[in-house]
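Some notes on the structure that comes next.
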Amino acid sequence: MKDLKGRKARMLLVYPDYTDRDCTNKTSGGNYSEGLASISAVLKEGGHTVGLLHLLNLHTEESYKKKLADAGEYDIIGFSVRTTAFPDAQLYIKWTKEVYPDAFIICGSYHVTLVPEEVLAVDGVDCVCVGDGEYAELELCDKMSAGEDYTNIESLYFKMPDGSFKKNPIRPLFADLDRLPIPDFDLFDFDNLESSKVGTAIVVVSRGCFYNCTYCGNGNFRKVYPNKKIYARFRSPENAILYLKTLISKHPYIKFINFRDAIFNMFPEWFDKFIELYKKEIGLPCTGNIRFDILTEETVKKMKECGFYTVDMGLESGDQEMRFKYLRRYQTDEMILRCSEWFHKYGIPQLTYNIIGLPHEDIHKALKTIKLNARMKSDRVIPNIFYPYEGTPLYEISKEAGFIPEGDFTQRRVPLVQPQFPEEEVLFIEAYFMHFVRRYKWAYAMPKWLGRPYEKFLDVRVTGRFVPHKFLVWLHDCFAAVRNKLKDFLVHNLPGIYVKLRMLKHRKKAKNTTKEKSKES
Ligand code: B12
Ligand code: SF4
């Protein structure tokens, strides 16, 4: 039992914040994490000290130990562990124990919430936090500081001296997010975050989501709480504005707001009220994740007025059967196309998120995703390769079908091994997604007598038996490496030019959309 004998606790948060393990030399400013900034604000309010070890790339033992030593001395070391960061986190925990054998190690975040016992079983881990962590950690710091028994704290599981696990009940969620302090943005080297460099702030004014998409962890994250009904919550519109004002006053160079809330328009009434206030009080160009099925034309019109310069939408699959049967996203093609028309009408460019390589998918179904994007006239598309998160329904479906390979698949480019949708085809669709969306858009814009044969020609170029998928993927990888280097160079050395180019691009897009609109009318 650690006893700080009346001294306030010092906590170091370790955040492995990278997804590409091959980029040891890549310099990245990293991402903001609302969870860590919120924990820090609560602990600091309680008088404790908080530091951050923001790991922006895969570290070697030597570089990690040096960074840890440079960070100074701490009583508690907390690791934020999302699923794909878990293998590396285990290494960092081992190396931490070698440097500070007496450090108290706690792990939290999404992977821990999904499989707490698996994380607690890791050598060196003393405790794990299931679900939201602010007040569990505050209690831990307070009790450790006062020399009291801390093994009864709600939401924490402990490894006891005899190796057994002590699992405390999970504390109920509180409904009112306004009782949280404004996050501690300065925990991060905020001005150097990836987003700050392009004048953007990543903002999260909510917790959770009440939908049940089968590939997403949210359905399981909420199950851990005794009062899971209130899992999806937002700060009040007024408090969310206060959050933004605090952020902007500290970092006045912020010119764009990127709301990363799971679904920004989850509560339509809240959303309508918030965007009215936002228009009056903030007015910066903004974007966020929007769902089709709860949208009205009136709201889209208000979004334009309040400053939405683009919207992000999860389309995920263009095959309606896949959406209904495997993803539990009950949105028809008609509904999607109707909402998309509203965005065109009011001149808000659309970005869609798409998943390739879903269980039971094949190249023909994936082609439908490309085609639906083309019919929607999506302005930007992000194709992601499906990753089966443990504990999600789609993980179980993949496992049952025998698509999950043995051993560690966290670093595979295509995690599922499916005979009907081989790796090279998945990678090909991912690589050439935008290329084909553009071409199908042309096909749909042509008169039918020309568009139809062109569409058929494109179909053969995607799904034809003799398409050299593997070679084309290799070619694309070479091109992407050069393009990313150039973007990195601009962001890190000439950020001003990068922001200007980005603004120019958005202006050009907005102009094109207006032109298209006037042509249509
Ligand atoms: C905003 C967001 C982002 C932002 C910010 C990321 C971040 N690290 O916070 C951006 C856009 C950068 C992002 C990127 C990615 N994301 Co994301 N993202 C979200 C989202 C929508 C909300 C997260 C959030 O801020 N919640 C609010 C905060 C307050 O809660 P929190 O982060 O959970 O933190 C609390 C607890 O977890 C806990 N806690 C957290 N850390 C620690 C540490 C300790 C020591 C303790 C004790 C407790 C603790 O206490 C916190 C306060 O209560 C969630 C989905 C959702 N839940 O709605 C997905 C989600 C977290 N993302 C996910 C993924 C996969 C990614 C990417 C890997 C995607 C990709 N392929 O690039 C990257 C990873 C980037 C990274 N370095 O983390 C997954 C994670 C799944 C998993 N099992 O790990 C989620 C759950 C969505 C999903 N698919 O299910 N994401
Ligand atoms: S709507 Fe988004 S955040 Fe909510 S369950 Fe579905 S994928 Fe997850």
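Quick note on the numbering used here: the sequence shown kicks off at 479 and runs consecutively.
Cβ coordinates follow ideal geometry from the N, Cα and C atoms, glycine included.
The structure presented is a predicted model; accordingly, all values stated were derived computationally and were not measured.
Per-residue DSSP class, three states only, for residue 492: Under the three-state reduction of DSSP output, residue 492 falls in the strand class.
Beta-carbon contacts of residue 992 that lie in its chain and below 8 Å, excluding the five residues immediately before and after: Its pLDDT being 48, under 50, residue 992 is placed unreliably in this model, and the value from its coordinates should be taken loosely. Result list for residue 992: 825, in chain order.
Strand pairing of residue 533, partner residues [DSSP]: Residue 533 is bridged to 494.
Beta-bridge partners of residue 634, as assigned by DSSP: Residue 634 pairs with 607.
Stretch pair the segment 676-689 + the segment 738-749: three plus CB contacts closer than 8 Å: At 8 Å Cβ cutoff, the stretches touch.
Proximity of residue 517 and residue 612 at Cβ, strictly below 8 Å: Residue 612 sits close to residue 517, with the two beta carbons spaced by under 8 Å.
Host alpha helix (DSSP H) of residue 861 (start-end): Where residue 861 is concerned, there is no enclosing alpha helix (DSSP H), although the beta strand (DSSP E) it sits in stretches over 858-863.
Whole-number beta carbon distance between residue 836 and residue 1013, since they are thought to touch under 8 Å: Given a span of 479 to 999 for the chain in the structure shown, any question on residue 1013 remains unanswerable.
Heavy atom of ligand 2 within 7 Å of residue 563 beta-carbon: Residue side-chain check: residue 563 keeps its Cβ at 7 Å or more from all non-hydrogen atoms of ligand 2.
heavy atom of ligand 4 below 7 Å from residue 611 C-beta: In the structure shown, ligand 4 is absent; the only ligands present are ligand 1 and ligand 2.
Segment limits, beta strand (DSSP E) that includes residue 644: 643-645 is the extent of the beta strand (DSSP E) around residue 644.
Residues bridged to residue 562 (per DSSP): Answer is none; residue 562 lacks a bridge partner.
Cβ-Cβ distance between residue 1001 and residue 605 below 8 Å: Outside the modelled stretch of the chain, which goes from 479 to 999, sits residue 1001, for which no answer is possible.
Cβ neighbours of residue 914 in the same chain (closer than 7 Å, five flanking residues each side left out): So the qualifying residues of the chain are 848, 936, 940.
Whole-angstrom distance between residue 953 and residue 711, CA atom to CA atom: Answer to the nearest angstrom: the Cα atoms are 45 Å apart.
Burial state of residue 559 (16 or more Cβ within 10 Å): Around the Cβ of residue 559, a 10 Å sphere holds 16 or more other Cβ atoms; the residue is buried.
Closest by C-alpha distance to residue 497, when choosing among 719, 929, 753, 865: Distance check between residue 497 and each of 719, 929, 753, 865 places 865 closest, using alpha-carbon atoms only.
Contact test: residue 956 Cβ vs ligand 1 heavy atom, cutoff 7 Å: Of the heavy atoms belonging to ligand 1, none sits nearer than 7 Å to the Cβ of residue 956.
Host alpha helix (DSSP H) of residue 888 (start-end): Element bounds for residue 888: n/a, residue is neither H nor E.
Ranges of the alpha helix (DSSP H) found wholly within the segment 670-726, counting only runs of at least 4: Entirely contained in the segment 670-726, the alpha helix (DSSP H) runs reaching 4 residues are, in chain order, 696-699.
Straight-line gap, residue 997 to residue 701 (C-alpha atoms, nearest Å): Note on residue 997: pLDDT 49, under 50, position unreliable in the model; no value is reported.
Cα-Cα separation between residue 708 and residue 714, rounded to whole angstroms: Residue 708 and residue 714 have their C-alpha atoms spaced approximately 14 Å apart.
Euclidean distance between Cα positions of residue 956 and residue 963: Between residue 956 and residue 963, the C-alpha separation is close to 11 Å.
Residue interval of the alpha helix (DSSP H) (run including residue 854): Run containing residue 854: 841-854, per the alpha helix (DSSP H) assignment.
Alpha-carbon spacing of residue 547 relative to residue 525, whole angstroms: Our two residues, residue 547 and residue 525, have alpha carbons roughly 23 Å apart in a direct line.
Residues that residue 875 bridges to, as DSSP identifies them: The partner list for residue 875 (beta bridge, DSSP) is empty, contrary to what the question assumes.
Terminal residues of the alpha helix (DSSP H) in which residue 732 lies: No alpha helix (DSSP H) holds residue 732; DSSP gives it neither H nor E.
DSSP-derived helix/strand/coil call for residue 829: Residue state, collapsed to three classes: strand.
Helix, strand or coil at residue 479 according to DSSP, with G and I counted as helix: In the three-state scheme derived from DSSP, where H, G and I count as helix and E and B as strand, residue 479 is classed as coil.
Local conformation of residue 942 per DSSP, three classes: Shown here, residue 942 sits in coil according to DSSP, grouped into three states, outside any helix or strand.
CA-to-CA distance, residue 788 to residue 773, given in whole angstroms: Cα to Cα, the separation comes out at about 15 Å.
Any 3 or more C-beta pairs closer than 8 Å across the segment 641-652 and the segment 540-556: At 8 Å Cβ cutoff, the stretches do not touch.
Residue 995 versus residue 821 - alpha carbon distance: Low confidence applies to residue 995: its pLDDT is 47, below 50, so where it sits in the model is not reliable, and the reading given next is rough at best. Residue 995 and residue 821: Cα-Cα distance of roughly 11 Å.
C-beta contact flag for residue 834 and residue 861 at 8 Å: Yes, the Cβ-Cβ distance between residue 834 and residue 861 is below 8 Å.
Terminal residues of the alpha helix (DSSP H) in which residue 791 lies: Where residue 791 is concerned, there is no enclosing alpha helix (DSSP H), although the beta strand (DSSP E) it sits in stretches over 789-794.
Coil, strand or helix - residue 527 by DSSP: In the displayed model, residue 527 falls within a strand according to three-state DSSP.
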